[in-house]
Amino acid sequence: MLKIRELTFGFRSRRLFEKISVELRPGELVHIAGPNGAGKSTFMSIIAGILAPQKGTIEFFPGAEAGTPVDDRRKYLEYLPAEANGMYTKMSAVENLKFWSNLRGRDVSGRVIFEALEVWGLNHPVIRDQLAIDKFSTGMKRRLALARLQLSGVPCWLLDEPIYGLDTKGLEAFHNILKSHLNAKGMCLVVSHDLKPLEGLPTQTLDLATGRISK
Amino acid sequence: MKTPNAFAQFRILLANGIKSELSDLERLISPLLFALTILILFAFAVGEVEPDMRIKLFVAEVFLTTFLALQISFSRVFEPARTDKVFDLLRTYPVSYNAWFLAKYVLVVMLGLSVALPTIFIGAIMNGKALANVSIWGIIPVTVLAVAGLSALGVLLAAITMKAQSRQILYPLLYFPMTAPVLLSAIQVSVTYLEKGIFNSDSKAWFLLLASFDVIYVTLGVLLFSELVDDSQ
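Protein chains in written order, with the working numbering: chain E, 1 to 215; chain W, 1001 to 1233.
Put into structure tokens, the structure is as follows:
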């Protein structure tokens, strides 16, 4: 369970959001809503651990209820930033996925990586092994980042504009992995201007401007 | 969730750093080419000089060339991580900051030695006459210690300036004065050794000073890296 209490952040005199509280339990998905510049990506960066909040707390509990929080929430979160994929651009898709998985302590075999790449239409020997990431199209890079997300094996996903650059097939694959993740008692916070891939999923919406949560 | 221990993370990060360097050979070759160019220019401009002066020139050109060539390596320490927000993503992973610093540090030492050692050997060939009666092997440990000290500073300052808007100015302003003790002691040990052919008590004192600065800078790196990189506290 991810528990965010009274999170406040701003740049100099400009307050982005104030006293935002939200609880995310296993199997839940919360969509973060707000106009451009409302601080949605900043909010995600804070949860991911890149920025510190000015006020408020973020705690992760191993179960569905609050108890003793974990010592390092980064072990339980996988973050997908907006406008970037977090990939070493001179290295191949397989090298990147192996690196990030190993860093999580997952000794993934080639077969597991190929299966994840298959889901995203990237399981071609040239694409996965020989092509540097900087030769990938925008959509292919995003697909690879989503393959890393799938391989991470962590319960809580933080997705900032996850479907940027995806085509129809990619959107379908995204919807399916998100659905499987939630069915497997995973959690997800999403920032997205396109809500179509979230249709049919048990989504709550957090309005960052007011702090209100609606179903 | 089980995460690898700090040593395993160090190995993963170092292996990935080496792969990343090898995937972009220009990053390896350009400092070496730069070093060779300087050596040739030195030899061409200075011409014939007395053997004593030749020893001093050899030491000066080796350390100057290594120092400047290392600048190219250091300025690119975090370049692969700077693209595509890899640096930010690494900070969201449960990575030990000590493992991260030491992996970067060892990688930079390796890159530094890949420039410094060829520079010594090529420099020795160019100054063959003056160095005929002395083994240049003695200055290898001195060079290794100098590179070790400079690299610790290089990684630390690259991390300091990673997020600074004025990194192009801040880096040389901080780096050049702080490298002076390392460079001066390395040069003193080398000149004394090459002139006398042995490490005497004077050079041993300078050697100790050089090693001490290495220990100080590596310790500073280990202690400060997390403070510099982690913005989440």
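Glycine included, every Cβ here is placed at the ideal spot set by N, Cα and C. Note that the structure is predicted; figures quoted are calculated from it, not measured.
### Message
Looking at the ligand GTP, does it come within less than 8 Å of residue 1143(W), judged from the CB to the closest heavy atom?
### Response
Because no ligand of any kind appears in the structure shown, any question about the ligand GTP cannot be addressed here.
### Message
Pop quiz: residue 1085(W) and residue 37(E) are said to be a contact at Cβ under 8 Å. What is the actual Cβ separation, rounded to whole angstroms?
### Response
20 Å between Cβ atoms; not a contact.
### Task
Kindly indicate if chain W contains any beta-carbon less than 9 Å away from that of residue 13(E).
no
### Task
Indicate whether residue 43(E) and residue 190(E) have their beta-carbon atoms separated by less than 9 Å.
no
### Query
In whole angstroms, what separates the C-alpha of residue 1123(W) from that of residue 93(E)?
42 Å
### Task
Taking residue 1005(W) as the reference, give the member of 1097(W), 1119(W), 1144(W) and 1162(W) with the closest Cα.
1097(W)
#### Entry: Minimum length 3: unbroken beta strand (DSSP E) runs contained in the region 1069-1117 of chain W
None, since the region 1069-1117 of chain W contains no complete beta strand (DSSP E) of that length.
### Task
Just the chain E side, please: which residues come within less than 9 Å of residue 1080(W) by C-beta, in chain order?
Residues of chain E passing the Cβ test: 88, 89, 90 and 91.
#### Entry: Test: residue 945(W) CB closer than 9 Å to a CB of chain E
As shown, chain W starts at 1001 and ends at 1233. That puts residue 945(W) outside it, with no answer to give.
### Task
Could you check the C-alpha separation between residue 294(E) and residue 13(E) for me, to the nearest Å?
What the structure shows of chain E is the stretch from 1 to 215, and residue 294(E) is not part of that stretch, so it cannot be assessed.
### Query
What number of angstroms, rounded off, separates the C-alpha of residue 1067(W) from the C-alpha of residue 89(E)?
29 Å
### Task
Measuring only between beta-carbons, confirm whether residue 1031(W) sits less than 9 Å from chain E.
No, residue 1031(W) does not count as interfacial toward chain E.
### Query
When DSSP labels each residue in this structure, what does residue 1193(W) get in the three-state scheme?
helix
### Task
Check whether the Cβ atoms of residue 197(E) and residue 171(E) sit closer than 9 Å, and answer yes or no.
yes
### Among 1008(W), 1040(W), 1054(W) and 1069(W), the one whose alpha carbon lies nearest that of residue 1031(W)
The option with the nearest alpha carbon to residue 1031(W) is 1069(W).
### Task
Residues of the region 32-49 of chain E with a CB closer than 9 Å to any CB of chain W: list them in chain order, please.
45, 46, 48 and 49
### Query
How far does the beta strand (DSSP E) with residue 219(E) in it reach, from first residue to last?
As displayed, chain E neither begins before 1 nor continues past 215, which places residue 219(E) out of reach and without an answer.
### Residues that residue 1012(W) contacts on chain E, provided the C-beta gap is smaller than 8 Å
99, 102 and 103
### Query
Which two residues bound the contiguous alpha helix (DSSP H) that contains residue 33(E)?
Here residue 33(E) belongs to no alpha helix (DSSP H); instead the beta strand (DSSP E) covers 29-33.
### Task
Taking all protein chains shown into account, decide if residue 1016(W) is buried (16 or more other Cβ within 10 angstroms of its Cβ) or exposed.
buried
### Task
Give the C-beta separation of residue 208(E) and residue 4(E) to the nearest angstrom, bearing in mind that I take them to be a contact with Cβ-Cβ under 8 Å.
About 12 Å separates the Cβ atoms of residue 208(E) and residue 4(E), ruling out a contact at the 8 Å cut-off.
### Task
Could you tell me whether the Cβ of residue 1008(W) comes closer than 9 Å to any Cβ of chain E?
yes
### Message
Please classify residue 1053(W) as buried or exposed, where buried requires at least 16 other C-beta atoms within 10 Å of its C-beta.
### Response
exposed
### Task
Flag residue 1093(W) as yes if its beta-carbon sits less than 9 Å from any beta-carbon of chain E, otherwise no.
yes
### Query
When you compare only the Cα positions, how much space is there between residue 1190(W) and residue 1139(W)?
Cα to Cα, residue 1190(W) sits roughly 6 Å from residue 1139(W).
### Query
Can the beta-carbon of residue 72(E) be found closer than 9 Å to that of residue 1094(W)?
By the CB criterion at 9 Å, residue 72(E) and residue 1094(W) fall inside the cutoff.
### Task
Name, in chain order, the residues that DSSP records as bridge partners for residue 214(E).
205(E)
### Minimum length 4: unbroken alpha helix (DSSP H) runs contained in the region 1145-1220 of chain W
1167-1196
### Task
Determine the direct distance from the alpha carbon of residue 1178(W) to that of residue 1159(W), and round the result to whole angstroms.
15 Å
### Task
Could you work out which residues of chain E lie near residue 1106(W), taking near to mean beta carbons separated by less than 7 Å?
Going along chain E, no residue has its Cβ under 7 Å from residue 1106(W), so there is no contact; the nearest lies around 17 Å.
### residue 1016(W): contacting residues in chain E (beta-carbon distance under 7 Å)
Listed along chain E, the residues sitting closer than 7 Å to residue 1016(W) by beta-carbon distance are 99.
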